[in-house]
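Note sheet for the following structure.
Protein chains: 4
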Amino acid sequence: MVDFSKISEFFESSNIPKNMLNRGQLVLNEFLNPLKILFEQRAVPDKPWTDDQIDFLLQTLSNMDTDKDINAARVGEREARIASKLHLRTSAGFCHGVGRSGFLSAPQPKAPGGSIMYEITNYLARNILRNTGLPNIKDAIVVPLCTGMSLSLTLGALKPDSSINKRTILVPQIDHKSLLKSIDLMGFQTKIIPGQIFGDAVRIPIEQIRNNLDDDCFAIISITSFFPPREHDNIKEISKFAQENNLVHIVINAYGVQSSEWMKLIRSAIDAGRVDAIIQSTDKNFLTPVGGAVIASPIKEKINKISQTYAGRASATPVVNFLISMLSMGLSGYQRLLKEQQENRELLERKLGEFAEKINQRILDIYNPVAVALSLQNLKQKQIYALGGALYNLRVTGPRVYNPEENTFGTCCSNYPIPYIVMNAAIGASEQDITFAVERFEKAYYQIVQ
Amino acid sequence: MVDFSKISEFFESSNIPKNMLNRGQLVLNEFLNPLKILFEQRAVPDKPWTDDQIDFLLQTLSNMDTDKDINAARVGEREARIASKLHLRTSAGFCHGVGRSGFLSAPQPKAPGGSIMYEITNYLARNILRNTGLPNIKDAIVVPLCTGMSLSLTLGALKPDSSINKRTILVPQIDHKSLLKSIDLMGFQTKIIPGQIFGDAVRIPIEQIRNNLDDDCFAIISITSFFPPREHDNIKEISKFAQENNLVHIVINAYGVQSSEWMKLIRSAIDAGRVDAIIQSTDKNFLTPVGGAVIASPIKEKINKISQTYAGRASATPVVNFLISMLSMGLSGYQRLLKEQQENRELLERKLGEFAEKINQRILDIYNPVAVALSLQNLKQKQIYALGGALYNLRVTGPRVYNPEENTFGTCCSNYPIPYIVMNAAIGASEQDITFAVERFEKAYYQIVQ
Amino acid sequence: MVDFSKISEFFESSNIPKNMLNRGQLVLNEFLNPLKILFEQRAVPDKPWTDDQIDFLLQTLSNMDTDKDINAARVGEREARIASKLHLRTSAGFCHGVGRSGFLSAPQPKAPGGSIMYEITNYLARNILRNTGLPNIKDAIVVPLCTGMSLSLTLGALKPDSSINKRTILVPQIDHKSLLKSIDLMGFQTKIIPGQIFGDAVRIPIEQIRNNLDDDCFAIISITSFFPPREHDNIKEISKFAQENNLVHIVINAYGVQSSEWMKLIRSAIDAGRVDAIIQSTDKNFLTPVGGAVIASPIKEKINKISQTYAGRASATPVVNFLISMLSMGLSGYQRLLKEQQENRELLERKLGEFAEKINQRILDIYNPVAVALSLQNLKQKQIYALGGALYNLRVTGPRVYNPEENTFGTCCSNYPIPYIVMNAAIGASEQDITFAVERFEKAYYQIVQ
Amino acid sequence: MVDFSKISEFFESSNIPKNMLNRGQLVLNEFLNPLKILFEQRAVPDKPWTDDQIDFLLQTLSNMDTDKDINAARVGEREARIASKLHLRTSAGFCHGVGRSGFLSAPQPKAPGGSIMYEITNYLARNILRNTGLPNIKDAIVVPLCTGMSLSLTLGALKPDSSINKRTILVPQIDHKSLLKSIDLMGFQTKIIPGQIFGDAVRIPIEQIRNNLDDDCFAIISITSFFPPREHDNIKEISKFAQENNLVHIVINAYGVQSSEWMKLIRSAIDAGRVDAIIQSTDKNFLTPVGGAVIASPIKEKINKISQTYAGRASATPVVNFLISMLSMGLSGYQRLLKEQQENRELLERKLGEFAEKINQRILDIYNPVAVALSLQNLKQKQIYALGGALYNLRVTGPRVYNPEENTFGTCCSNYPIPYIVMNAAIGASEQDITFAVERFEKAYYQIVQ
């Protein structure tokens, strides 16, 4: 492909001794070898790549796009002309974006390099999901949209023909604004099946779901990752139910890739019934900047459909970000992070548990491999309200303080009996995050009760 | 804000003479001064910024976001954790993206700097449109979506209440896949009013549009920039028509900012009737990488509505790219590009005209300030077909070759009589693009006819 | 050399159509082609390279050095270990520097890539000098030292054997501190032959030089570029004189490459007698940051000697900087700069001449293709003194104001009759530099005389 | 100094809530705070800075230099004009270099920012040496030269007046080419006092040194760090001897900062007698790219003298590199590296010792806190010769194999009885370096003896 023969000739005839040149070549090959393997195996590399290697790949590919061709004559209205070299950084050189006439994964004649980049990235998306618990998916695509908009897109793609006049989606209660908006945006109705309390946990029994089915329903949403007290759905049963009733079934696996337990639920669901698409955030699961999602499916055609439904082109950056994440962590790096997440989750529960005992509260008994919830029955309404602000000022980000007396949204049911706080030990968090957060929570708590 | 007093003290007590320090301070202030002016005037700077100045702004703001806080305790499931430093480049440091719970322009507590960045960027978007022909818009927002998906979003936001059961959109024939997909995606029906031939041009008479109105229609689309033979719509009349009939009216101004004539049409339309939203591509008009659009409106509330309809967060990169473009060109730089566009448009027509004469063809008489069309009546069907590939291989990108006998899609009517080729002299194209393109077209033409 | 076959295989089997791949390959080859040509021709490229191309070359070569080898076992005391990735930027990746045991251009086993980089850079140094007026040099080396220290190094290398007890160097008066220091540093004596006034110019007649020769002299320095009223030396005659008397002859051509006239003097001198070494600044002639020099010689052995005399290794950065300059300008770019320099020199003389007339002063009649001097006889001693500071505060850098009454150093003679100001139109200066400087000089002048 | 008030005003009037702005300001201040502390304390920071913080400092300072002033009128022959933006990277923006008319640390009117950068860097140089064992030095300077050339410069600066005709330097045998060249370069004679064998070690007894003193001697060199079998000099006694005999005494502490024991020797020597200058490599001690040295002295005037002796300006890069190292490691990071070095040194001795036992050889009994030597008496001459190449091919860099029968240079004596190999566990080496090196040595050994 790249012909470096003249350079080699120079090397041969230079003053540099042969064994030194061989040594140099050896180092260079070591640098370039992972690129070869990537294209050969179409899989997430085992070992992390260096930034320079990632850069080299991105530069080589983006230098195949026609906007880099100084001898091109460009007379379209869209030619990836840029105002500043800084744009090459933010786009990693892929100024043409991805997609063609509203077919996300279609090759773009003006962007051969960008097209290759997108193709290999989608291979990695499929590969990482297969490696983290979903061997039974057939295809996956990285979309430059977050979970919410990805759900809109998926609904738009998988909605019934205009001849079939069904417009309702079953939603086992999920108190999450973006999700509900994504359905509203598309003009569909939601039929929410309310959560019920089981001990500390909130669940939506499959019988309730069955009871709510009516003729206008064409789809059902289910979730894995969510925050307590809401537990994951019984996805396997929902999957069977979807199959029996010919419903589109979309699993929102927002940050669920990090838990092998959640992933196992999806795998069984795929085997047991009908799952059309599984949507996961690239930033929450794969440590990219916000802006992308991986949509996967056990049916190749569905992904194709979704890809073709997108209207127009899109920024290549969220796609590149996923690629960067995969290459910079490698499978081994990612597995190490999964392990650390588990350890941090244990640490969080232990630390919070210790503090709970001190203040006569308790860890709520809710299954969640990422988050931990602690009761706050000792606090008065005003104190609960003050807690969030106090934590923000103490530089704790991400905790959720709920007081069902004031607002039920977030509890996923209508009658949760007690206030509580939720903290996450999510992938990428450090031990320090956990220990600092609990220490400062303690500090904030005593500030408030005084 | 930033307290540099200790540094100043060092300077004072250093071995560096006072007048040298003053000189140094002078240079540094010159470097920083544009930042002050930007926030003071909230307007596109007159003169271009240097890359270093843009970098400095982006770094300062992104260093206000909580993910940069090494003393933070981060226990959310989404904390803008990243796998690689390369992500800081692709996101310009704004790893939290933009938007909050599906409200694009809402400030994010975890991203104070990103929130400021987005706010100032939206000011610049409004400002540049006011400066290029639309003084009568009230608000604008940069969305991380291309024109097509922006139309979907806008339709989703401005669609009637679910109580009102109207689902049809009037579309004066626009043969553009992304656009049609964007309506399909949302589940709406299109009622296309076919184009008619007027001399060389294809137009959709307002009477035809009126005649097509029925009870299910709730919106109408109109366009400015498009490729010949289709001319821009009579937006002013459509605007009046929309007002009279209570229709949502969305103007697709895809790459129309570059033409003061097209912009004038929109300005009059706003004044004369009802325009809900005007959508323009950031890459086609403002030389960013693909991935963003500016949505503007004469009614502040509409923009607010659109911003709130977005489901979830989004990549900050398309927003940052628009900001980079505005700062790196400045108003003066942008105006210079507009002037060059006009000159190149003239050059293109002259060069193509000269060649047309040689081969007994003619420039089609169609109003278009960006594109020029040339008849290809001399060529046989097979030759016409071969022309596109020949041009691609000669490294000409962007020309469109149409043969209505083979395929009417693209002509915006059912009976266009002759084949033709379209070339654009769009903003950002160079003189060389134009001359090379015509030369190579000539070459390809003679290759083919031989 | 680099085997990309696996990548090609992926391309072939990908979804990307063949003609698109060919197009991408074409663009990539265009990008890489200059590298091939560089190593084939070992000459300054005709056309400028892009920054990305330069980067690619530097990265490829620096990735051959052993410090990049993650599988190396490094048990030396010097292994190019670095504390920060930022060091890769400042060294362009060549952390091992250049040189081995005090032989600058010897290949370093730990740095095959760095060794190739240095070798090709020295070829370019020889090539650019041959192209700008010195076809008769045989070798050249880029040293990581400025002109002054390069003279010290050259003197150290070419000094007589310790058995020959000669320690004096003839210097036709050059009032330049660094130069005199460079001789002092080496412990040699200078025998300065005083300048004499010829009209406005200061010259050192060859007869005076002859008269000053004594038994302790082993070398003579001559100069081309200097500031008025001192003119260049009669290098040809000095060259003959050096040959006759067996003196080492070193030409200080500090910023003389930019003038074909000065270069012609050296060429003739080489042909007519003895020139051992010619020293030129990389920053003054080739627009690098400060820190390097090119030492050239008509005798290959001399360059070898100098290279072997350097004690230890050195920073690779000044070498890389010269390489960057050559590649980023290309021969055509450099020649354009030379032409602009000539035009700016004319402009400077015209502008200064116009002002001179206004204030009844005159341009001094001194040959200098870069600088122009203007008499300041109207000003009082205190006013002359104030002028320098006034110009500095008006942001004019580089002018020299001389008042022989106060200080003769700088005039290169003992009795220069009048005060004057010198300005340069050096390579790389812009038209704006010239016009602003004269305008502000005018402003400062009137401030002072009021 | 920098007035950000307009920006603050925007923040206040923006849509961003006040508590979010405070939070953002807090993060930004945390980012900028280390800069304040640096200039306040003029000391190596305790904690490492991030790359972005270092970048920010370098950019702010380099943006004070006049070459960044777009409103300057530059009419000197040297104005830090650059051919490419890449030069800003290699020079960290300090295109003017350091030094003025051959006074390295003199402020440059054209480079106020560069001058401040150099001043603070020299403070850090003094500070780190005071913190690593030399509280009794008074000043230090970072020079853009390696150890060898730094010795040349120091000798040039501290040599006797030309009236005093002394030209010999006492050198306790040091078999290091660069060092000997640095003396040759300056035209001085070396009087080498031969090493003697004491057990396994080679030392030069102080009595022998005393005996060699003659009237032509004006200076003496001593060393700390060197490779076995040569041990460090008895610097304290040499210091007394230098004082008694009025000799300039220069300590070559090439890579000695990493050992508190070697540093202790120098500290005592300073207290006990005369030490003029101590020279240490920046790359070997402080993990910069090759190209700089720190020269320190207990007498402030000596450093001033050396600084003033340099002929001309120099590249700023080696200075910046030292600054980058200090900021990126911080004192705590540096101390951790020192600790790791000690552990790796122990590991190296243990691993080599184990292998020595297997092959009936032994670790030589020589004091050296960095290197370990192993006897190779089992090997034949040809085998010893082959060992070096074998190790190079196995990617082991840095080991030294000596066979005194073939070549005595390197043993620092005339009659070392046995062959040996030396390996280093130097600062910055990893555990992997050590284990891999010994494993591969073992492999190479068995390859060779078969």
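Chains as they are written, first to last, in this note's numbering: chain L, 1 to 450; chain B, 451 to 900; chain V, 901 to 1350; chain F, 1351 to 1800. Idealized CB from N, CA, C, for every residue including glycine. On a predicted model such as this, the values are computed, not experimentally measured, just so you know.
With which residues is H1446(F) paired in a DSSP beta bridge? According to DSSP, which records beta bridges pairwise, H1446(F) is partnered with nothing at all.
Residue-chain proximity (Q26(L), chain F), Cβ-Cβ < 9 Å: Reading off the sequence shown, one finds Leu at residue 26(L), where the question assumed Gln. Yes, its Cβ sits closer than 9 Å to a Cβ of chain F.
Residues of its chain near M1351(F), where Cβ-Cβ distance is below 8 Å and the 5 sequence neighbours each way are ignored: For M1351(F), the predicted model reports a pLDDT of 43, less than 50, meaning its position is unreliable and no value from the coordinates is stated.
Is there a Cβ of chain F sitting closer than 9 Å to that of M470(B), yes or no? So, interface residue.
Leaving aside the five residues before and after P739(B) along the sequence, list all residues of the same chain whose C-beta is less than 7 Å from its C-beta, in chain order. If we look at P739(B) and ignore the five residues flanking it on each side, its Cβ neighbours are D733 and N771.
With Q41(L) as the anchor, note down where its alpha helix (DSSP H) starts and where it stops. Run containing Q41(L): K18 to Q41, per the alpha helix (DSSP H) assignment.
Output the distance between the C-alpha atoms of L86(L) and V1425(F), rounded to the nearest integer angstrom. Roughly 32 Å between the two C-alpha positions.
Can you look up P112(L) in the DSSP assignment and give me helix, strand or coil? In the structure shown, P112(L) sits in a helix (DSSP, three-state: H, G or I).
Please list, in chain order, the residues of the stretch 1726-1754 of chain F that have any C-beta partner in chain L closer than 8 Å. In summary, the residues of the stretch 1726-1754 of chain F whose CB is separated from some CB of chain L by less than 8 Å are G1739, Y1742, N1743 and R1745, in the order they occur in the chain.
Residue from M470(B), A575(B) and F460(B) with nearest C-alpha to P495(B): The residue with the shortest Cα to Cα distance from P495(B) is A575(B).
At a Cβ threshold of 9 Å, is P107(L) touching chain V? True, the Cβ-Cβ gap to chain V drops below 9 Å.
For L185(L), I'd like the list of residues in its chain whose CB is within less than 7 Å of its CB, leaving aside the five on either flank, ordered along the chain. Only S152 meet the Cβ criterion.
Does the beta carbon of T132(L) come closer than 9 Å to any beta carbon on chain V? No - not a single Cβ of chain V is within 9 Å of the one on T132(L).
Taking the alpha carbon of I137(L) as the reference point, which residue from I128(L), P417(L), R42(L) and V143(L) has its own alpha carbon closest? It is I128(L).
Rounded separation between V1322(V) and V1270(V) - CA only: Just so you know, the alpha carbons of V1322(V) and V1270(V) end up roughly 10 Å apart.
Run the CB neighbour count on S1725(F), radius 10 Å, all protein chains shown included, and call it buried at 16 or more, exposed below. Around the C-beta of S1725(F), 16 or more other C-beta atoms lie within 10 Å, and the residue is accordingly described as buried.
Residues in the stretch 975-992 of chain V with C-beta within 7 Å of chain L's C-beta atoms, listed in sequence order? Along the stretch 975-992 of chain V, none of the residues has a CB nearer than 7 Å to a CB of chain L.
Pop quiz: L737(B) and R81(L) are said to be a contact at Cβ under 8 Å. What is the actual Cβ separation, rounded to whole angstroms? Separation of the CB atoms of L737(B) and R81(L) is rounded to 5 Å, and the pair is thereby assigned contact status at 8 Å.
Members of the stretch 647-668 of chain B that neighbour chain V once the beta carbon cut-off is set at 8 Å: For chain V, none of the residues of the stretch 647-668 of chain B brings a beta carbon within less than 8 Å of one of its beta carbons.
Check the Cβ-Cβ distances between C95(L) and every residue of chain B, and say whether any is below 9 Å. Yes, its Cβ sits closer than 9 Å to a Cβ of chain B.
Chain B beta carbons: is any one of them nearer than 9 Å to that of Y255(L)? Yes, because at least one Cβ of chain B sits closer than 9 Å to the Cβ of Y255(L).
Neighbour flag for F188(L) against chain V, beta carbons, 9 Å: So no, F188(L) is outside the interface.
Would a check of beta-carbon distances place T1638(F) closer than 9 Å to chain V? Chain V contact via Cβ: present.
Give, in chain order, every unbroken run of the beta strand (DSSP E) that is at least 3 residues long and sits entirely within the stretch 302-386 of chain L. Qualifying beta strand (DSSP E) stretches, in chain order: 371-375.
Name the one or two DSSP bridge partners that V294(L) has. According to DSSP, which records beta bridges pairwise, V294(L) is partnered with V142(L) and Q280(L).
Residue-chain proximity (S1647(F), chain B), Cβ-Cβ < 9 Å: By this cut-off, S1647(F) is not an interface position.
How many Å lie between K616(B) and I624(B) at the Cα? Cα atoms of K616(B) and I624(B): separation of roughly 22 Å, rounded to the nearest angstrom.
Looking at C-alpha atoms only, which residue of Q1158(V), T1090(V), R1130(V) and V1296(V) is the closest neighbour of P1105(V)? When each option's Cα is compared against that of P1105(V), the closest is R1130(V).
In terms of alpha-carbon separation, which member of A92(L), A390(L), M326(L) and D216(L) lies closest to L61(L)? Ranking the options by Cα distance to L61(L), first place goes to A92(L).
Verify the contact flag: T60(L), CB atom, against every heavy atom of the ligand GTP, threshold strictly below 8 Å. The ligand GTP is absent from the structure shown, which contains no ligands of any kind.
Is the Cβ-Cβ distance between T1497(F) and S1528(F) less than 9 Å? Yes, these two residues count as a Cβ contact at 9 Å.
Going by DSSP, which residues form a beta bridge with K1541(F)? Partner(s): L1520(F).
Buried or exposed for S1181(V), please, with buried defined as at least 16 other CB atoms from any protein chain shown within 10 angstroms of its CB. By the C-beta density criterion, S1181(V) is buried, having at least 16 other C-beta atoms within 10 angstroms.
CA nearest to the CA of P144(L), picked from Q558(B), G547(B) and A556(B): For P144(L), the nearest C-alpha among the options comes from G547(B).
Tell me which residue opens and which closes the beta strand (DSSP E) that V202(L) is part of. Start and end: A201 to R203.
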